[in-house]
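> Dropping a structure here in structure tokens format, bear with me for questions.
Protein chains: 2
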Amino acid sequence: MDSSPLSNSNTESYAEQVVSQLKQDILQGYFAPNEKLLMSRLKARYNMGVSPLREALSQLLVEQLVVVENQKGFRVHPVSKAELKDIYHTRAHIESLCIKLAIENANDEWEGQIIASDHRLKKTAHLLSQTNNLNSEQARQQLQQWEATHHRFHSAITSGCQSPALLKVRHSLYEKASRYRNLWLNQYMVDNQVFDTNEKDHDQLIEALLKRNSKLACELIYQHLLNPYKLLQGSEF
Amino acid sequence: MDSSPLSNSNTESYAEQVVSQLKQDILQGYFAPNEKLLMSRLKARYNMGVSPLREALSQLLVEQLVVVENQKGFRVHPVSKAELKDIYHTRAHIESLCIKLAIENANDEWEGQIIASDHRLKKTAHLLSQTNNLNSEQARQQLQQWEATHHRFHSAITSGCQSPALLKVRHSLYEKASRYRNLWLNQYMVDNQVFDTNEKDHDQLIEALLKRNSKLACELIYQHLLNPYKLLQGSEF
DNA sequence: CCATCTAATAATGTCGATATTTTATAATTT
DNA sequence: AAATTATAAAATATCGACATTATTAGATGG
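So the sequences go chain by chain: A and B. FYI, in the numbering used here the residues of the first sequence are 1 to 237. FYI, in the numbering used here the residues of the second sequence are 1001 to 1237.
The structure is reproduced here in structure tokens:
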């Protein structure tokens, strides 16, 4: 038995470690879309040989975060307006489906998690609203915190669908959508108006959820998830 | 330019080749669920070194066809009744969604593909109905042919949704469902009754599609895709 | 000056070797 | 005899090296 509660005693392989790092670096835009991923550079950055790197890239290949061409190595998956649209709309459909199923399985535990994560999110948003300069380093961190909390709120709702397969799809689409957000969302697009709208959306959604109004909840989440898309749509890149 | 019409002049890497072979071997049950995938054995079977094999396995890891534990190597992904249920139901939901969107985008080209692939499928089924012994080698091949044609029919319908992301999800779920079919479907479960029911399902579905009756079509496809699940549900394994 | 061919340089994909860890087997103790 | 420990065998994860292929830079010719 293991004394430390959350530690998984068996160590992670290099390949497993580098998957999450590489993924972060692609999602957050450290590597630009379509950028060639030189093995020499990756070896230096992550301090390991080619074998674990290629295994990690093979995984990201399936997740469509990188592309490969034989004898020409790996590149970061390109971005396009068409893919942006596809990802955001598919994600909206999928999460809508999650919510429909979650309402069918609704129980007290589920409701509790929603209320709790909504509360946490409101607190984080409140903190952010008091930050004057949204370009400061402090604000950057708080925004990231808000993002994480926001995601946890949505996860709390969708996890009620009780379908690992569907949740895995949802998560994959969330990641890809977040990449476009990180790449294309200009700083000045995020203002207090956005957070206000978000909070209103959530309040409406929660009301529909608690009333088990499936149709309305699905429609609300669908529109809610398309909000960032509408902002991104006009972006140049 | 390339003279031979379909040849992609750049050769496939070993890793790319072995992905599809390994996948086939897992989906068709050559490797049993949970079976340990010894590198020595894989090297001998596919005639290559560990590097391309590990890269291929890394891809199948993301597709949840294998699992890995550090320092203990790869195993075939286990099966369970819970996963069987999840996969089949999620697949039914996803394909239902595909059809809803396809009807929204409906056009003549789409209708044509449906009619054509339905025709091909009926011919294949007719051939099969004339085969007496369903256990013969000939029948086995015809059944596989029917499966492929059946899949093409459904692909023709769903491709109308025009969403690469959604279709990718659908395909992944199809593969995983086919694994359970191959592993658990007893020979004697497939009889002419099954094919008759299938044909009736399809006729109803096509009628709903052509009439743009989205609600009905979604309900029909959902039930249609759960048919094999109902058979498999009771299987021992 | 631009295009084409050639030489060099660099990067890729794969293999074999190695250190480490796990598993199987034998020996020892209670 | 069962359980524990020690030993041997096997398997894994990673690295460095090599052959092959792609890319770049330079030279040649139009």
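Using N, Cα and C, we set each Cβ at its ideal position, and we do this for glycine too.
Hey, would you say Q144 (chain A) sits closer than 8 Å to Q1059 (chain B), going by beta carbons?
Here residue 144 (chain A) corresponds to residue number 144 of the first sequence, with the count starting at 1. Here residue 1059 (chain B) corresponds to residue number 59 of the second sequence, with the count starting at 1. Result no, Cβ atoms of Q144 (chain A) and Q1059 (chain B) do not sit closer than 8 Å.
> Within 10 angstroms of its Cβ, does V194 (chain A) collect 16 or more other Cβ (buried), or is it exposed?
Translated into the one-based positions of the first sequence, residue 194 (chain A) becomes position 194. So V194 (chain A) ends up on the exposed side.
> Which residues does DSSP pair with R1041 (chain B) in a beta bridge?
Position 41 of the second sequence holds residue 1041 (chain B). BP columns for R1041 (chain B) are empty, so no partner.
> If you reduce the DSSP assignment to three classes, tell me which class G49 (chain A) lands in.
The residue you call residue 49 (chain A) lines up with position 49 of the first sequence. Coil at G49 (chain A), not helix or strand.
> Using a Cβ-Cβ cut-off of 8 Å, state whether I87 (chain A) counts as contacting chain B.
Reading the first sequence from its first residue, position 87 is the one you call residue 87 (chain A). Yes, I87 (chain A) counts as interfacial toward chain B.
> Any Cβ of chain B within less than 8 Å of the Cβ of P284 (chain A)?
Lying outside 1 to 237, the shown extent of chain A, residue 284 (chain A) is not represented and no answer is given.
> Look at the alpha carbon of K1023 (chain B) and the alpha carbon of N1198 (chain B), and state the distance between them as a whole number of angstroms.
The residue given as residue 1023 (chain B) occupies position 23 in the second sequence. The residue given as residue 1198 (chain B) occupies position 198 in the second sequence. Cα to Cα, K1023 (chain B) sits roughly 27 Å from N1198 (chain B).
> Would you give the residue range spanned by the beta strand (DSSP E) that G73 (chain A) belongs to?
For this step, residue 73 (chain A) is matched to residue 73 along the first sequence. G73 (chain A) -> beta strand (DSSP E) spans G73 to V76.
> Is any beta-carbon of chain A found at less than 8 Å from that of S1013 (chain B)?
Counting from one through the second sequence, the residue named residue 1013 (chain B) turns up at place 13. By this cut-off, S1013 (chain B) is an interface position.
> DSSP beta-bridge partners for V67 (chain A)?
Walking along the first sequence from the start, residue 67 (chain A) turns up at place 67. DSSP, once it has assigned bridges, lists A:R75 as partnering V67 (chain A).
> Would you mind giving the Cβ-Cβ distance between V76 (chain A) and L37 (chain A), rounded to the nearest angstrom? I have them listed as a contact below 8 Å.
Residue 76 (chain A) sits at position 76 when you count from the first residue of the first sequence. Residue 37 (chain A) sits at position 37 when you count from the first residue of the first sequence. The Cβ separation is near 7 Å, so the contact holds.
> Taking CB distances under 8 Å as the criterion, tell me whether Q59 (chain A) reaches chain B.
As a working note, residue 59 (chain A) is residue 59 in the first sequence. Answer yes: the Cβ-Cβ gap between Q59 (chain A) and chain B drops below 8 Å somewhere.
> In chain B, which residues lie less than 7 Å from T90 (chain A) when you measure between Cβ atoms?
The residue you call residue 90 (chain A) lines up with position 90 of the first sequence. S1163, A1165 and L1166, listed in chain order.
> Spell out a yes or no on whether the segment 1091-1110 of chain B and the segment 1213-1232 of chain B are touching, meaning 3 or more CB-CB pairs, one atom from each, closer than 8 Å.
The segment 1091-1110 of chain B vs the segment 1213-1232 of chain B: in contact.
> Just tell me which of A:G160, A:V66 and A:V68 has its CA closest to the CA of D108 (chain A).
Against the first sequence, residue 108 (chain A) aligns to sequence position 108. It is A:G160 whose Cα lies nearest to the Cα of D108 (chain A).
> Would the beta-carbon of Q204 (chain A) fall within 8 Å of that of L183 (chain A)?
Position 204 of the first sequence, counted from the first residue, corresponds to residue 204 (chain A). Position 183 of the first sequence, counted from the first residue, corresponds to residue 183 (chain A). No. Outside cutoff.
> Three or more C-beta pairs under 8 Å: does that hold for the segment 116-129 of chain A against the segment 149-169 of chain A?
The answer is yes - the segment 149-169 of chain A touches the segment 116-129 of chain A, with three or more Cβ pairs under 8 Å.
> Within the segment 1153-1218 of chain B, note down every full alpha helix (DSSP H) run reaching 4 residues or more, in order along the chain.
List check, alpha helix (DSSP H) in window: 1164-1184 and 1192-1210.
> Please decide whether R170 (chain A) counts as near chain B, where near means a Cβ-Cβ distance under 8 Å.
Walking along the first sequence from the start, residue 170 (chain A) turns up at place 170. So no, R170 (chain A) is outside the interface.
> List the endpoints of the continuous alpha helix (DSSP H) containing S1117 (chain B).
As a working mapping, residue 1117 (chain B) is identified with position 117 in the second sequence. D1108 to S1129 is the extent of the alpha helix (DSSP H) around S1117 (chain B).
> With DSSP as the reference, identify every bridge partner of V36 (chain A), one or two as the case may be.
To locate residue 36 (chain A), count along the first sequence from 1; it is residue 36. The question names Val, yet the displayed sequence has Lys at residue 36 (chain A). Paired residues: A:R75.
> Would you tell me roughly how many angstroms separate the C-alpha atoms of K176 (chain A) and L1101 (chain B), rounded to the nearest one?
The count along the first sequence starts at 1 and reaches residue 176 (chain A) at position 176. The count along the second sequence starts at 1 and reaches residue 1101 (chain B) at position 101. Approximately 21 Å between the Cα atoms of the pair.
> Taking the alpha carbon of D196 (chain A) as the point to measure from, which residue in A:V67, A:H126 and A:G234 has its own alpha carbon closest?
Here residue 196 (chain A) refers to the residue found at position 196 when the first sequence is read from its first residue. Closest option to D196 (chain A), Cα to Cα, is A:H126.
> Check S96 (chain A) in the structure and name its three-state DSSP category.
Along the first sequence, one-based indexing puts residue 96 (chain A) at 96. S96 (chain A): helix per DSSP, three-state reduction.
> Which bits of chain B does R54 (chain A) rub up against, with CB to CB less than 7 Å?
Reading the first sequence from its first residue, position 54 is the one you call residue 54 (chain A). Ordered by position in chain B, the residues that pass the 7 Å Cβ test against R54 (chain A) are E1055.
> Using a Cβ-Cβ cutoff of less than 7 Å, which residues in the same chain neighbour T1158 (chain B) once the five nearest sequence positions on both sides are dropped?
If you number the second sequence from 1, residue 1158 (chain B) lands on position 158. Excluding residues within five positions, the ones whose Cβ falls inside 7 Å are E1095, C1098, I1099, A1102, L1167 and R1170.
> Taking buried to mean at least 16 other C-beta atoms within 10 Å of its own C-beta, is A56 (chain A) buried or exposed?
Along the first sequence, read from residue 1 onward, the residue named residue 56 (chain A) stands at position 56. So A56 (chain A) counts as buried.
> If you compare alpha carbons, which of A:H202, A:R212 and A:E12 is closest to G1073 (chain B)?
Here residue 1073 (chain B) corresponds to residue number 73 of the second sequence, with the count starting at 1. For the residues A:H202, A:R212 and A:E12, the minimum Cα distance to G1073 (chain B) belongs to A:E12.
> Taking the beta carbon of P1052 (chain B) as the centre, do at least 16 other beta carbons fall within 10 Å, making it buried, or is it exposed?
Working through the second sequence from its first residue, we reach residue 1052 (chain B) at position 52. So P1052 (chain B) ends up on the buried side.
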